[in-house]
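S.K.: I have a structure here, written as structure tokens, and I will follow up with some questions on it.
Protein chains: 2
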Amino acid sequence: MMQHRALLHTICYRSGAPFQTNAVLPEITVDIRPAAALPYFTITQTDGKTALRYELARHDRVYGLGEQLGGLNKRGKMYRTYNTDISPHQPHIETLYGSHPFLFITGERGFGFFLDYPSEMMFDISHTHKDILEITIPSQDFDLYLFDVSEPKQIVREYLTLTGSPYIPPKWAFGYQQCRYSYPDAETVQAIATKFRELDIPCDAIGMDIDYMVNYKVFTLDDDKFPKFAEFVAQMKTNGFRLVPILDAGVKVEPGYAIYDEGKANDYFCKDEQGEDFVAAVWPGLCHFPDFLREEVRAWWGKQYRFFTDQGIEGFWNDMNEPAIFYVPEKMKQAREKIYAILSKDDIGRELTEVGDTMELFNRREYFKAFSQRADDGRVVNHDAVHNLYAFDMTRGTAEQLKLAMPGTRYFLLSRGSYAGLHRFSGIWTGDNSSWWEHLEVNIHMLISLNFAGFFYTGADTGGFGAEVSPELMIRWMQLGMFSPLFRNHTWYGSRQQEPWSFDPETTAILRDVLRLRYAMIPYAYSEYMRAVRELRPFIAPLFFEFSGERSQQVEDQFLYGESLMIAPVYTPNARGRFVHLPESRWLRWNASRCEDRAMTVMQPDDYYVSADIHEVPMFLRENRLCVLAEPMSHVHEQPIRKLTVLGFVTNAAEFVYYEDDGASYGYRDGQCAELTIRARKTAAGIEVSCEKCEHGYALQISELACEFYDEHGKQFRSSVTL
Amino acid sequence: MMQHRALLHTICYRSGAPFQTNAVLPEITVDIRPAAALPYFTITQTDGKTALRYELARHDRVYGLGEQLGGLNKRGKMYRTYNTDISPHQPHIETLYGSHPFLFITGERGFGFFLDYPSEMMFDISHTHKDILEITIPSQDFDLYLFDVSEPKQIVREYLTLTGSPYIPPKWAFGYQQCRYSYPDAETVQAIATKFRELDIPCDAIGMDIDYMVNYKVFTLDDDKFPKFAEFVAQMKTNGFRLVPILDAGVKVEPGYAIYDEGKANDYFCKDEQGEDFVAAVWPGLCHFPDFLREEVRAWWGKQYRFFTDQGIEGFWNDMNEPAIFYVPEKMKQAREKIYAILSKDDIGRELTEVGDTMELFNRREYFKAFSQRADDGRVVNHDAVHNLYAFDMTRGTAEQLKLAMPGTRYFLLSRGSYAGLHRFSGIWTGDNSSWWEHLEVNIHMLISLNFAGFFYTGADTGGFGAEVSPELMIRWMQLGMFSPLFRNHTWYGSRQQEPWSFDPETTAILRDVLRLRYAMIPYAYSEYMRAVRELRPFIAPLFFEFSGERSQQVEDQFLYGESLMIAPVYTPNARGRFVHLPESRWLRWNASRCEDRAMTVMQPDDYYVSADIHEVPMFLRENRLCVLAEPMSHVHEQPIRKLTVLGFVTNAAEFVYYEDDGASYGYRDGQCAELTIRARKTAAGIEVSCEKCEHGYALQISELACEFYDEHGKQFRSSVTL
């Protein structure tokens with residue numbers, strides 16, 4: 001069997017006849033061995049189930065699982081992989097919208113593994129037993145890919161070689177997005193857009209949540225709310241705003257409604273136990289669910305997006321695709337009867353808790369066992385057995401067809417549900433969090449964990465979806481959102497307005513500065529993002545990916561943002577500073593507040609309490625690294641970037657590769673891009689800078705560099721370069 | 001008008017004709033001025049409502065509100081005072097079981113105030129507006145006591161002078177208590193007790209949750225589950241265990257049930273709008289609610305505890321006394337009809353959320369407006385207007401009668417609901433938290449905040465009530481519980497066992513060490529507790545009560561435990577250490593793990609990352625302070641303490657007053673106690689120790705001191721003293 005070159009350490013341990021998920025790239029071939037040969041784990045298979053047990057050393061750390069709550073080190077909690085629409089995200093919740101069963105262990109022995117199995121698995125990571133990792137799979141059919149190397153960076157690289165290179169969105173998607181459930185009509189959207197420009201607050205996109213539809217029917221648009229939509233879209237775009245509509249997976253049962261009629265006529269829907277189209281309720285009421293497991297259904301579905309792309313839309317968010325199910329009629333009937341029986345008594349005490357339990361109708365496991373799908377090979381499979389693929393296949397279908405619908409233009413796509421490998425097609429957002437400080441902290445952990453799993457383009461609802469944000473939490477969350485590739489402010493209809501001007505004037509001013517700094521950093525972020533994709537290493541990485549010291553292994557609340565910067569977000573209320581760990585090298589502290597002002601301080605490796613007043617973000621430039629800043633713009637493509645400021649902490653020699661492409665097409669795949677290698681070297685005379693341009697079918701737009709370097713004494717050296 | 005001597009800075013600003021809550025001691029008289037004369041605040045009164053607005057300086061800090069979620073500094077959140085049975089304690093929750101409207105501000109201007117108003121008030125503390133504190137009172141009848149001094153310690157002293165000296169429980173209540181909802185019968189309780197003794201794990205009490213009753217009827221005991229109860233209680237006590245039954249506020253409507261019949265016959269229950277006994281459901285089903293506002297009802301209720309005290313019981317926990325209400329029949333009928341109407345449709349989409357909302361029947365505000373109480377002066381008041389007094393008066397009645405039922409023996413009493421001033425009669429526990437790391441952190445803040453409000457005897461359900469604890473969370477929480485005067489492990493019937501031996505053997509061993517150290521520290525804790533009560537200053541205090549440095553003002557996750565020790569609990573998963581701030585003086589670091597071993601290190605004031613492996617608790621002994629340790633015992637009164645180890649960090653001179661009384665009676669009030677003043681002084685020759693005994697009608701039981709002192713170089717000096 002052919003061995004893929006980059007996968008020298010990956011072996012697939014196969015048990016039974018696993019369902020082929022497509023998480024792994026079809027062109028990849030790896031050695032396949034029987035699961036019984038799996039090293040490290042004790043494997044027990046009885047009653048059609050599998051238990052994998054691994055004894056952890058006292059200080060081993062376990063990472064991975066992508067979109068999950070809890071710490072970055074996953075020890076101490078019970079996790080599940082079963083895509084679920086659930087909110088609020090209380091700390092004990094075991095599974096969210098996506099399943100990413102890729103983990104790695106570091107410590108006494110290091111290795112990683114990807115459990116390619118598309119349904120529920122339990123990961124008891126030191127929850128029941130302090131030093132035991134126990135994985136339970138309700139099946140004996142699965143693939144376990146073992147990455148038998150100890151270096152986390154290399155483990156991630158092998159995983160991404162196996163599952164594919166991360167999604168690259170259009171460059172405007174590195175801008176800021178404003179959203180709310182829902183801006184009710186075009187007039188409101190227009191007013192929001194106008195306000196951004198009036199207040200000189202950068203923004204590139206506005207989200208359209210479910211209320212734009214007619215009765216929540218997917219691929220419809222309410223003309224009363226959004227008249228002359230194509231014109232409106234064009235006009236918004238002229239002003240630098242993309243509109244991003246939401247799409248739901250369920251199709252309302254309603255003869256005469258085109259999507260329903262087509263799906264019905266072509267037999268595209270999932271089947272219930274009687275072989276009828278499966279019925280369950282979501283927002284529009286009773287729905288059918290497209291069987292995305294089939295190629296023809298994916299293609300049909302994906303083609304529907306032309307309804308929007310034909311009107312100028314370039315971006316979408318696929319929602320409710322775990323899938324979310326409110327209830328199925330039969331269960332509702334049972335619940336109704338049980339509730340009637342209890343409630344018709346006149347004296348109910350403790351039994352009342354039963355009513356509550358009975359009414360917990362959302363997303364019951366039994367619904368997912370009550371319908372089937374058909375694989376492309378014709379096999380009929382129970383949905384439950386492939387549950388975690390539903391969003392994967394919906395979004396795969398969307399992506400494939402968007403590529404065709406938008407030739408030469410990168411599509412923007414988010415999915416709420418996901419499975420390992422979806423990172424090739426789309427970004428994800430992390431669902432319905434709450435305006436809790438705790439969720440700001442979780443956001444940090446998730447960003448890092450999702451980067452491990454290849455979801456470089458991701459972000460949380462900045463400011464929080466549920467509950468009520470305070471001005472200070474909004475500021476601190478925007479200061480983190482600033483470093484999320486997906487930077488979207490979104491909230492629930494029941495909560496206060498969260499647009500940057502919805503608080504007091506000082507908060508507006510601080511948020512404007514945050515957003516201006518975000519935009520100023522896009523050239524750095526985009527360069528580093530593209531490099532991370534090329535090199536298959538996390539764009540946002542924990543300290544232990546770069547530093548080997550014992551203390552660096554423990555830090556969960558700081559991260560590397562690209563290779564030059566380390567960020568220490570503030571995630572507690574009323575803070576005027578925070579503790580940071582500065583590992584191994586020296587660091588140039590940069591308490592960023594405005595892109596125009598910088599007070600830089602050289603710091604030695606150690607633990608510190610650093611100040612961080614409400615307008616300040618503790619950022620640190622690594623020794624002998626550079627980063628670049630542009631002038632902020634109102635939106636990403638407002639005008640070409642001609643001039644960059646190069647910031648550097650140069651005690652010896654540093655290099656940065658600035659990357660540029662058109663930000664819109666797939667030209668970069670054919671090498672239509674340009675690189676500018678900027679080199680700085682400390683000499684007796686000062687800090688010398690040299691540049692090397694490399695253009696391939698794309699002309700670099702930068703013509704000027706303003707260099708601002710600091711040496712180990714904090715001495716500043718300024719120079720400029722004309723290219 | 002007479003001015004109480006200790007209250008030179010307290011003035012009562014009165015608006016209208018406030019309901020007299022009894023939060024303030026009846027013997028206290030203070031200057032009363034019209035609310036219009038209130039300084040600092042802008043007061044607006046319209047439509048029968050009052051708004052108090054205070055402009056905060058950017059870095060002002062706001063403390064207080066007792067039992068509330070959020071940070072120690074309350075800025076950034078919306079709070080309410082309306083006693084509510086609510087769980088889980090999600091971060092945005094605005095009110096819990098107790099209302100303690102005592103706050104203070106420090107920063108540019110410092111002062112404190114107690115808003116004596118027994119119903120809902122809103123405290124918008126920098127939530128809506130970053131720099132505004134806005135209090136909304138739905139009334140114009142209230143007393144605002146202004147403590148016009150800037151020193152927090154003095155503000156707390158004035159508040160406690162006004163509202164009374166904190167509750168002193170029997171000394172056994174400083175031991176450990178094991179609880180679970182529920183240990184089903186005597187046999188199980190016996191087995192738990194036996195296990196503690198077998199494993200040599202100290203314990204003094206076992207809680208009895210609601211299932212011991214007959215059909216949840218208050219003041220009943222199921223003889224099948226607990227046969228020969230008096231004998232059982234006696235036998236348990238012989239072995240060093242107190243049993244602590246729970247009592248609920250609602251009285252089941254059931255003719256023939258003595259409590260119901262008596263209450264009915266004497267017209268003791270709250271009245272609905274038709275003048276009938278108010279009916280609402282709780283655990284037993286439909287209930288009446290004693291009108292605790294009336295002296296005769298309180299006395300009647302309090303006398304019922306004799307059912308238990310006659311059988312040897314010495315301690316109780318009053319539950320469901322906010323009061324909690326599951327539903328009222330009329331509302332249930334309406335809800336039932338609405339639900340029937342929605343659920344009888346066959347196609348429900350978004351409407352389903354209405355069903356959920358309709359079924360949120362628990363503790364609706366309208367219930368509390370639907371019944372009335374009668375004040376002692378005969379006035380009929382709507383319950384809602386005095387809602388926050390219900391638990392206060394129930395527990396007042398309990399306390400008053402327990403004093404009579406247990407002459408010469410201190411009663412043990414906890415209440416879930418509370419109002420300002422209840423701290424005179426009883427301790428409180430902080431209700432139904434969850435096994436979340438977040439709630440371990442909240443526990444730290446609440447301990448400190450409740451100490452401000454005089455609730456020195458308090459603690460959380462250690463290990464967490466809801467959700468599932470992990471072994472590591474159990475260990476870390478027990479390491480905090482160790483410093484809670486009320487140290488009780490309690491959990492819900494749906495969660496795993498939480499007794500110290502319910503995990504792995506290493507966890508059992510660590511928890512045994514934690515409990516042994518707790519018991520070893522009781523002589524120190526009891527001495528400091530009694531002194532804190534005497535001096536009216538928090539037993540558990542934040543750093544800024546003792547240290548004036550800028551950094552000390554910000555620390556919310558460390559506390560002073562008595563005057564000699566500072567504790568820095570670990571409250572994050574997988575930690576091998578934590579950051580600490582060591583203020584102003586030098587500190588002797590003592591990573592406590594077992595009471596037998598100590599490795600002491602001298603540390604200079606600064607910020608540090610200190611190690612704290614899973615079995616270690618970062619503790620710090622303050623410069624020129626002493627503390628005492630005894631040999632651990634299996635329960636508090638196992639044997640008299642004859643010997644103490646004196647630990648000291650002595651760079652100049654230090655003094656500690658060890659306090660002793662019988663731990664059981666009220667003799668201490670008449671001075672039947674003994675003090676041993678231990679003095680250490682550094683001289684050229686070493687560290688000299690001297691003692692001074694002071695006995696009043698009580699003979700000190702200590703006869704020997706083993707001194708272990710350290711100087712600023714970490715040099716150890718050992719000596720012993722025979723008394």
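Protein chains in written order, with full-length UniProt numbering: chain Y, 1 to 723; chain L, 1 to 723.
Backbone N, C-alpha and C define an ideal beta-carbon position, used for all residues, glycine too.
Using a beta-carbon distance below 8 angstroms, is Ile348(L) in contact with chain Y?
M.R.: yes
S.K.: Should the region 634-644 of chain L be called in touch with the region 584-599 of chain L, which here means at least 3 C-beta pairs below 8 angstroms?
M.R.: no
S.K.: Which stretch, first to last residue, makes up the alpha helix (DSSP H) that contains Glu198(Y)?
M.R.: 186-198
S.K.: In chain order, what residues of the region 270-296 of chain L put their CB closer than 8 angstroms to some CB of chain Y?
M.R.: For the region 270-296 of chain L, the beta-carbon criterion of a distance under 8 angstroms to any beta-carbon of chain Y is satisfied by Ala281, Val282, Trp283, Pro284, Gly285, Leu286.
S.K.: Relative to the alpha-carbon of Thr194(Y), which residue among Leu162(Y), Thr238(Y), Pro170(Y) has its alpha-carbon at the smallest distance?
M.R.: Thr238(Y)
S.K.: Ignoring anything shorter than 3 residues, give me the beta strand (DSSP E) runs that lie fully in the region 97-174 of chain Y, in order along the chain.
M.R.: 102-106, 111-116, 122-125, 132-137, 142-147
S.K.: In the DSSP assignment, find the unbroken alpha helix (DSSP H) run with Gly356(Y) in it and report its ends.
M.R.: 352-358
S.K.: Name, please, each residue of chain L whose Cβ falls closer than 8 angstroms to the Cβ of Met406(Y).
M.R.: The premise fails here: Met406(Y) is roughly 32 angstroms from chain L at the closest Cβ pair, so nothing lies under 8 angstroms.
S.K.: Apply the 10 Å Cβ neighbour rule to Thr42(Y) and answer buried if 16 or more other Cβ atoms are within range, or exposed otherwise.
M.R.: exposed
S.K.: Let's see if you can read the secondary structure: which residues bound the alpha helix (DSSP H) around Arg410(Y)?
M.R.: Per DSSP, Arg410(Y) belongs to no alpha helix (DSSP H) and is neither H nor E.
S.K.: Roughly how many angstroms lie between the CA atoms of Val657(L) and Leu588(L), to the nearest whole one?
M.R.: 20 angstroms
S.K.: Relative to the C-alpha of Leu515(Y), which candidate in Arg594(Y), Asn451(Y), Tyr181(Y), Glu535(Y) has its C-alpha closest?
M.R.: Arg594(Y)
S.K.: Helix, strand or coil: how does DSSP classify Ser720(Y) here?
M.R.: Ser720(Y): strand per DSSP, three-state reduction.
S.K.: What separation, rounded to the nearest whole angstrom, lies between the Cα atoms of Ile348(L) and Gly285(Y)?
M.R.: 5 angstroms
S.K.: Could you tell me which of Met566(Y), Ser527(Y), Ala680(Y) sits nearest to Cys673(Y), measuring between CA atoms?
M.R.: Ser527(Y)
S.K.: Starting from the Cα of Leu450(Y), find the closest Cα among Glu67(Y), Phe308(Y), Pro18(Y), Val555(Y) and give me that residue.
M.R.: Among Glu67(Y), Phe308(Y), Pro18(Y), Val555(Y), the Cα nearest to that of Leu450(Y) is on Glu67(Y).
S.K.: Go to Asp261(L), then tell me how far its alpha helix (DSSP H) extends in each direction, as first and last residue.
M.R.: 258-265
S.K.: Residues of chain L with CB under 8 angstroms from Phe579(Y), in chain order?
M.R.: Phe579, Asp607, Tyr609
S.K.: Classify Ala35(Y) as helix, strand or coil using the three-state DSSP reduction.
M.R.: helix
S.K.: Am I right that Tyr625(L) and Ser564(L) are in contact with their C-beta atoms under 8 angstroms? What's the rounded C-beta distance?
M.R.: The identity of residue 625(L) in the sequence shown is Arg, whereas the question assumes Tyr. So it is a contact: roughly 4 angstroms between Cβ atoms.
S.K.: Quick check for students: name the residue ranges of the alpha helix (DSSP H) that lie wholly in the region 203-254 of chain Y, counting only runs of 4 or more.
M.R.: 229-238
S.K.: When you check each C-beta in the region 155-184 of chain Y against every C-beta of chain L, which residues fall closer than 7 angstroms?
M.R.: Cβ contacts with chain L: none found.
S.K.: Give the secondary structure of Lys369(Y) by DSSP, where H, G and I count as helix, E and B as strand, and everything else as coil.
M.R.: helix
S.K.: Going by DSSP, what residue range makes up the alpha helix (DSSP H) through His387(L)?
M.R.: Unbroken run through His387(L): none, as it is neither H nor E.
S.K.: In chain order, which alpha helix (DSSP H) runs of at least 4 residues are fully inside the region 273-309 of chain L?
M.R.: 295-304, 306-309
S.K.: Of all the residues that make up the region 498-509 of chain Y, which are near chain L by a beta-carbon distance shorter than 9 angstroms?
M.R.: Flagged, chain order: Phe503, Asp504, Glu506, Thr507.
S.K.: Give every residue of the same chain whose Cβ lies closer than 8 angstroms to the Cβ of Asp141(Y), excluding the five residues on either side of it in the sequence, and list them in chain order.
M.R.: Ser15, Gly16, Ala17, Pro18, Phe19, Tyr117
S.K.: Give the single residue among Phe709(Y), His490(Y), Pro505(Y), Gly671(Y) whose Cα lies nearest to the Cα of Ala653(Y).
M.R.: Phe709(Y)
S.K.: Tell me Gly577(Y)'s beta-bridge partners as DSSP assigns them.
M.R.: Ser611(Y)
S.K.: I'd like to check one pair, Gln497(L) with Asn489(L): are the Cβ atoms closer than 8 angstroms?
M.R.: no
S.K.: CB Gly312(L) to CB Val189(L), shorter than 8 angstroms?
M.R.: no
S.K.: What's the gap between the Cα of Gln639(Y) and the Cα of Leu404(Y)?
M.R.: 28 angstroms
S.K.: Is there a C-beta anywhere in chain L that falls below 8 angstroms from the one on Leu352(Y)?
M.R.: yes
S.K.: For His59(L), which of helix, strand or coil comes out of DSSP?
M.R.: coil
S.K.: Within 10 angstroms of its Cβ, does Ser435(Y) collect 16 or more other Cβ (buried), or is it exposed?
M.R.: buried
S.K.: Tell me whether the beta-carbon of Glu120(Y) lies closer than 8 angstroms to the beta-carbon of Thr81(Y).
M.R.: yes
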